[in-house]
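Enquirer:
Protein chains in written order, with the working numbering: chain P, 118 to 606; chain A, -3 to 211.
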């Protein structure tokens, strides 16, 4: 019991280790996939936003180059039509050569722009969601006021801003504009993407972050994996145990046969000695008596004594035989019968003899015509069926492999249950048939000649019968009949 | 142990004595009776150990030994007898003789190995052969001892001369080899023939060649 638990513990350990290793691999695969997706999305966001800011540079450059002249009121200037074309452009401002910017910030930016020869940022108001871009030019300079939210091309945006767990923001000089809030970060695996937009004039950082939480790991697949490992290990364990059980059963069977032979050998040796002593005395006495009678004159008295001794010793031999019979007399089998499922007995014997069958390339066929329960002693039943099968297998050894057939049929025969064992071996010679159940009669060299004799005795003691005939075509047919269990009222 | 049994047919006191060892009284008595019918004296023993301790090792005869006895195996008894230099031939009897047991018995020095129940002709013939063999072996043994005793009486010079005679040298050659005159050699030769009781050169060589070679 303790040993069993120890072995079982190893199985559990193996299960845990394999499950954990698999879970880690699954989680890593999932994380790698998530990261891949995250980076693709972040790069798309960066590209889309970059395209927009570059566009702003282009608009300003066009304005500076074309210098559209204002004819009439300032509102009618051509650049004032830009906000209608570009929703992100809230306003366009223009400073004529001699004009003045409405705010000093714009003037400072223009000076910077003039120095750098490119557009520069003016009033940066991420909180308000806007910023200004100024380009110094001749004769007039221009400034664009840009709405950050409108700047984002939402139609092409890779994620749903409201529901996506990814946080995206623009950062510049400590200010931050959140494009999509994402999910608040908790414990887990953080991803981050940070890159300048591709325009020197608007060097905003695109910052994309996402945290994969524990709850986002592929728990479903891990659970499936756990179950699969458990199932495979259980199956393996079952298979191994079954194999071990079969090996054990075969070993027991073999041991049983060896033990039986050993017992038989001991019995024979003991019997030989016990009988040999009186027989030796009988023989010596009678031979001495004959010699004494042959003498001239015959020694009658001594001869008479020798003969009396011989009689005495013959009686002793007879006693030995009687004692032996009583010692090996089988207990009353008829009193120990119980309902036994006949097909079950046959299947069990076939299972145990499977290696023997395989070795001889014999595939036994079992036909159960109808369920049969007989009244028998289970151990005796096993012994009979086992012996009949072994007998058939040994007979089949003597014919070519292609002709080997072993057919077992279970059916009812009136009030009897019947098992027929038919083989296609060489069959039973007519002169052998009447002696086949005699003890110590064997056609096999080295055979003890006790197997069939024992089967017949056992069957008879259980109220049944065992008979042997020639098979229809060729081979032998053994028929075992036993009383069926009467139907329960 | 059992005391020496008087033989049923009453033989001369110097006739060979058969020792029969078997634990079964019926077998012992019947075999003793059977052996007695050919005029051999029989002494029966039920206990192998008593037999080993007490039997007469000088007498002429043979031993009949059962292989299967309680306490001590017949093969062990046989080994003991051989180890003690007992020269009586041993006939083994067994109820179920295996080839292996038979091989062991013969290797250990058994003269014969018979199966029970034993055929009278076979047993009696084996016994008579064994006794004849024993008598011959004792005679040979006695002759050997006599030869050794006589050889011991020779002088050193006579032994040298005998060795060269056995080697096939003539008197002249012996004289040359031992730096003696042929006449002296002739004297030694006559003396040693007398001392050894040899009547011819052939007899001398047959009985004493082995002693010369083995100093």
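C-beta: ideal position from N, C-alpha, C; glycine also.
Determine the closest residue to residue 394 (chain P) out of A:11, A:18 and A:71, with distance taken between C-alpha atoms.
Expert: When each option's Cα is compared against that of residue 394 (chain P), the closest is A:18.
Enquirer: Going by other Cβ atoms of all chains shown within 10 Å of its Cβ, with 16 needed for buried, is residue 107 (chain A) buried or exposed?
Expert: It is buried - the Cβ of residue 107 (chain A) has at least 16 other Cβ atoms within 10 Å.
Enquirer: Please report how far the alpha carbon of residue 87 (chain A) lies from the alpha carbon of residue 439 (chain P), in whole angstroms.
Expert: One C-alpha to the other measures close to 32 Å.
Enquirer: Taking only the alpha-carbon atoms, compute the straight-line gap between residue 321 (chain P) and residue 284 (chain P) and give it to the nearest angstrom.
Expert: In a straight line, the C-alpha of residue 321 (chain P) is about 16 Å away from that of residue 284 (chain P).
Enquirer: Run the CB neighbour count on residue 116 (chain A), radius 10 Å, all protein chains shown included, and call it buried at 16 or more, exposed below.
Expert: Buried, because 16 or more other Cβ atoms sit within 10 Å of the Cβ of residue 116 (chain A).
Enquirer: I want to see whether chain P comes within less than 9 Å of residue 71 (chain A), judged by CB atoms only; does it?
Expert: It does not: the Cβ of residue 71 (chain A) has no partner Cβ on chain P nearer than 9 Å.
Enquirer: Given residue 350 (chain P), which residues of its chain have a CB within under 7 Å of its CB, disregarding the five upstream and five downstream residues?
Expert: Closer than 7 Å at Cβ, skipping near neighbours: 128, 131 and 132.
Enquirer: Quick one: complete alpha helix (DSSP H) runs, 4+ long, within the stretch 104 to 163 of chain A?
Expert: DSSP runs (the alpha helix (DSSP H)) wholly in the stretch 104 to 163 of chain A: 116 to 148 and 152 to 162.
Enquirer: Could you spell out where the beta strand (DSSP E) holding residue 169 (chain A) opens and where it closes?
Expert: Segment 167 to 174 is the alpha helix (DSSP H) holding residue 169 (chain A); no beta strand (DSSP E) there.
Enquirer: Since I believe residue 505 (chain P) is in contact with residue 538 (chain P) (beta carbons under 8 Å), could you give me their beta-carbon distance rounded to a whole number of angstroms?
Expert: Indeed they touch by this definition, with Cβ atoms about 5 Å apart.
Enquirer: Compare the C-alpha of residue 533 (chain P) against each of P:228, P:153, P:183 and P:490 and name the closest.
Expert: Selected option, being the one with the closest Cα: P:490.
Enquirer: For residue 76 (chain A), tell me which candidate among A:48, A:148 and A:151 has the shortest Cα-Cα distance.
Expert: Here the closest residue by C-alpha is A:48.
Enquirer: Name the DSSP bridge partner or partners of residue 484 (chain P)?
Expert: For residue 484 (chain P), which the question treats as bridged, DSSP gives the partners P:526.
Enquirer: With 16 as the cutoff for other CB atoms within 10 Å, does residue 237 (chain P) come out buried or exposed?
Expert: With 16 or more other Cβ atoms within 10 Å, it is buried.
Enquirer: Would you grab the beta carbon distance between residue 89 (chain A) and residue 60 (chain A) for me? Rounded to a whole angstrom, and I think it's under 8 Å.
Expert: About 6 Å separates the two Cβ atoms, so the contact holds.
Enquirer: How many angstroms separate the CA atom of residue 104 (chain A) from the CA atom of residue 24 (chain A)?
Expert: Near 24 Å, if we compare the C-alpha coordinates of residue 24 (chain A) and residue 104 (chain A).
Enquirer: Do residue 91 (chain A) and residue 389 (chain P) have their C-beta atoms within less than 9 Å of each other?
Expert: Going by C-beta atoms, residue 91 (chain A) is nearer than 9 Å to residue 389 (chain P).
Enquirer: Counting beta carbon pairs with one atom in the stretch 336 to 351 of chain P and one in the stretch 302 to 320 of chain P, are three or more of them shorter than 8 Å?
Expert: Taking 8 Å as the limit for Cβ pairs, the verdict is that the stretch 336 to 351 of chain P does not touch the stretch 302 to 320 of chain P.
Enquirer: Cβ of residue 22 (chain A) less than 9 Å from any chain P Cβ?
Expert: For residue 22 (chain A), the answer is yes, since a Cβ of chain P falls inside 9 Å of its Cβ.
Enquirer: Tell me whether residue 383 (chain P) is buried or exposed, calling it buried when 16 or more other Cβ atoms sit within 10 Å of its Cβ.
Expert: Answer is exposed; the Cβ neighbour count stays below 16.
Enquirer: Determine which residues share a DSSP beta bridge with residue 204 (chain A) and list them.
Expert: According to DSSP, residue 204 (chain A) bridges with nothing at all.
Enquirer: Determine which residues of the stretch 91 to 124 of chain A have a Cβ less than 7 Å from any Cβ of chain P, and write them out in chain order.
Expert: Answer set for the stretch 91 to 124 of chain A: 91, 92, 112, 113, 114 and 116.
Enquirer: Check whether the Cβ of residue 598 (chain P) lies closer than 9 Å to any Cβ atom in chain A.
Expert: No, residue 598 (chain P) lies away from the interface with chain A (no Cβ there is under 9 Å from its Cβ).
Enquirer: Which stretch, first to last residue, makes up the alpha helix (DSSP H) that contains residue 570 (chain P)?
Expert: Counting along the chain, the alpha helix (DSSP H) containing residue 570 (chain P) begins and ends at 568 to 578.
Enquirer: So, do the stretch 481 to 500 of chain P and the stretch 540 to 560 of chain P have three or more beta carbon pairs nearer to each other than 8 Å?
Expert: Output reads no: the stretch 540 to 560 of chain P does not touch the stretch 481 to 500 of chain P.
Enquirer: State the CB to CB distance for the pair residue 259 (chain P) and residue 265 (chain P), rounded to an integer number of angstroms; the pair is presumed to be in contact (CB under 8 Å).
Expert: So it is not a contact: roughly 19 Å between Cβ atoms.
Enquirer: Could you tell me the distance, in whole angstroms, from the CA atom of residue 64 (chain A) to the CA atom of residue 100 (chain A)?
Expert: Going by the C-alpha atoms only, they are around 14 Å apart.
Enquirer: Under the assumption that residue 598 (chain P) contacts residue 530 (chain P) (Cβ atoms under 8 Å), give the Cβ distance between them as a whole number of angstroms.
Expert: Indeed they touch by this definition, with Cβ atoms about 6 Å apart.
Enquirer: Check each candidate in P:600, P:203, P:246 and P:135 and name the one with the smallest Cα separation from residue 294 (chain P).
Expert: Comparing Cα-Cα distances from residue 294 (chain P) to each of P:600, P:203, P:246 and P:135, the minimum goes to P:246.
Enquirer: Given this structure, state the Cα-to-Cα distance separating residue 336 (chain P) from residue 299 (chain P), to the nearest angstrom.
Expert: So the two alpha carbons sit approximately 22 Å from each other.
Enquirer: Could you tell me whether the stretch 587 to 594 of chain P touches the stretch 535 to 551 of chain P, where touching means 3 or more Cβ pairs closer than 8 Å?
Expert: Yes: the two stretches touch, three or more of their Cβ pairs being nearer than 8 Å.
Enquirer: Use the C-beta contact count for residue 397 (chain P): other C-beta atoms within 10 angstroms, 16 or more gives buried, fewer gives exposed.
Expert: Counting Cβ neighbours within 10 Å, residue 397 (chain P) comes out buried, since at least 16 surround it.
Enquirer: CB-CB under 7 Å to residue 125 (chain P), same chain, minus the five flanking residues each way: which ones, in chain order?
Expert: There are no such residues.
Enquirer: Which same chain residues end up closer than 6 Å to residue 406 (chain P) when comparing Cβ atoms and leaving out the 5 residues on each side of it in sequence?
Expert: Excluding positions up to five away in sequence, the list reads 420, 423 and 424.
Enquirer: Three-state secondary structure (DSSP) at residue 130 (chain P)?
Expert: Correct three-state label for residue 130 (chain P): helix.
Enquirer: Short check: CB of residue 196 (chain P) to CB of residue 180 (chain P), under 9 Å?
Expert: It is a contact, given that the beta carbons lie within the stated cut-off.
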